[in-house]
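In our numbering, the protein residues as written are 195 to 485.
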């Protein structure tokens with residue numbers, strides 16, 4: 195006889211949420227463990243290829259961009275692949291007006307076709323790259339959404355790491371072109387290129403030369419092989435009000451190697467959740483108990 199699983203009650207669901215949050219609180223929010231499974235954090239600007247069927251036998255063509263969000267002056271690169279492509283054109287379209295801003299013909303390179311737009315300033319917020327292909331004489335269209343932004347801040351580099359209680363601290367140096375609340379994120383890796391932690395910091399910054407601190411808690415560093423390095427940088431100027439867009443920065447460096455830092459210099463005290471985090475956990479536990 196097959197056992198029928200009981201329906202999960204709202205209390206059970208609340209218990210699961212409370213347990214998951216309690217586990218999260220083993221580590222500070224600014225230094226969360228990172229693994230190979232965390233694709234969105236490891237590849238935050240990944241573009242998912244789009245495919246389109248071209249006949250009744252299941253044949254498809256596939257189009258992709260080199261990334262989802264571009265920063266001026268980066269070129270926009272599109273790749274098209276599939277069988278029996280006769281020719282193809284890439285169009286950059288302003289979604290709001292429907293106006294075609296640029297056109298380029300795809301050029302064949304062995305088994306792929308490629309087209310590229312040069313970077314331009316002040317492109318519209320809502321953009322679409324439209325692929326117009328002829329496959330066996332049939333017209334096929336694939337729409338690819340993207341963003342193209344002017345950078346509001348540049349990550350220039352880091353000062354040498356230093357220890358502060360249980361944290362390894364890295365001061366990031368930025369040049370900001372607009373003031374506002376900034377969020378800076380980076381991924382920390384060990385000497386074997388294995389992900390260690392996702393580091394995040396938020397701070398209000400003025401226009402000009404600014405600094406912001408990223409911290410890695412000792413709990414994520416134990417047993418990991420140095421030298422460590424930072425990569426996958428993300429710089430955002432947070433939306434100042436509803437309806438106002440988030441703006442983005444860029445990085446002058448691809449990675450930063452952390453030299454001569456001794457994990458043994460850190461205080462090994464476990465992370466102590468803040469009063470606000472403890473209150474939220476108590477609230478979730480009360481909900482789980484039907485309180």
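In this text, a Cβ means the ideal position worked out from N, Cα and C, and glycines have one as well. Predicted, not measured: the structure shown is a model, and the values here were computed from it.
Residues near residue 408 by beta carbon distance below 7 Å, same chain, minus five either side: Along the chain shown, one-based indexing puts residue 408 at 214. Counting only Cβ-Cβ distances below 7 Å, and skipping sequence neighbours, we find 364, 366, 378, 380, 393, 395.
Local conformation of residue 195 per DSSP, three classes: Position 1 of the chain shown holds residue 195. For residue 195, the pLDDT reaches just 40, beneath the cut-off of 50, and the residue's location in the model is therefore unreliable, leaving the point undetermined.
Three-state secondary structure assigned by DSSP to residue 144: For residue 144 there is no data in the structure shown, the boundaries of the chain being 195 and 485.
Within 7 Å, strictly: CB atoms of residue 373 and residue 401: By 1-based counting over the chain shown, the position of residue 373 is 179. By 1-based counting over the chain shown, the position of residue 401 is 207. Yes, the pair counts as a contact, with Cβ atoms nearer than the cut-off.
Residue 267 to residue 483 span [Cα, whole Å]: Numbered from 1 along the chain shown, position 73 holds the residue referred to as residue 267. Numbered from 1 along the chain shown, position 289 holds the residue referred to as residue 483. Answer to the nearest angstrom: the Cα atoms are 55 Å apart.
Endpoints, the beta strand (DSSP E) within which residue 288 is located: Walking along the chain shown from the start, residue 288 turns up at place 94. From DSSP, the beta strand (DSSP E) with residue 288 extends over 279–288.
Straight-line Cα distance separating residue 361 from residue 465: On the chain shown, position 271 is the one that residue 465 refers to. On the chain shown, position 167 is the one that residue 361 refers to. Those two C-alpha atoms are separated by around 10 Å.
Distance between beta carbons of residue 422 and residue 513, contact taken as under 8 Å: An answer regarding residue 513 cannot be provided, because it is not within the stretch 195 to 485 covered by the chain.
Through-space distance from residue 468 to residue 199, alpha-carbon basis: In the chain shown, counting from the first residue as 1, residue 199 sits at position 5. In the chain shown, counting from the first residue as 1, residue 468 sits at position 274. Only weak support exists for where residue 199 lies, its pLDDT of 43 falling under 50; the value from the coordinates is given anyway. About 38 Å.
Nonlocal neighbours in the same chain, by C-beta distance under 6 Å from residue 273, ignoring five residues either side: For the purposes of this step, residue 273 is taken as residue 79 along the chain shown, with counting starting at 1. Excluding residues within five positions, the ones whose Cβ falls inside 6 Å are 258, 306, 308.
Residue 430, enclosing beta strand (DSSP E) - first and last residue: On the chain shown, position 236 is the one that residue 430 refers to. Taken as a continuous stretch (DSSP letters only), the beta strand (DSSP E) holding residue 430 covers 422–431.
Which residues DSSP lists as bridging residue 244, in chain order: Within the chain shown, numbered from 1, the residue matching residue 244 stands at position 50. In the DSSP output, where bridge partners are listed per residue, residue 244 has 257.
Through-space distance from residue 340 to residue 264, alpha-carbon basis: The count along the chain shown starts at 1 and reaches residue 264 at position 70. The count along the chain shown starts at 1 and reaches residue 340 at position 146. Rounded to the nearest angstrom, the two C-alpha atoms are 8 Å apart.
Local conformation of residue 235 per DSSP, three classes: Position 41 of the chain shown holds residue 235. In the structure shown, residue 235 sits in a helix (DSSP, three-state: H, G or I).
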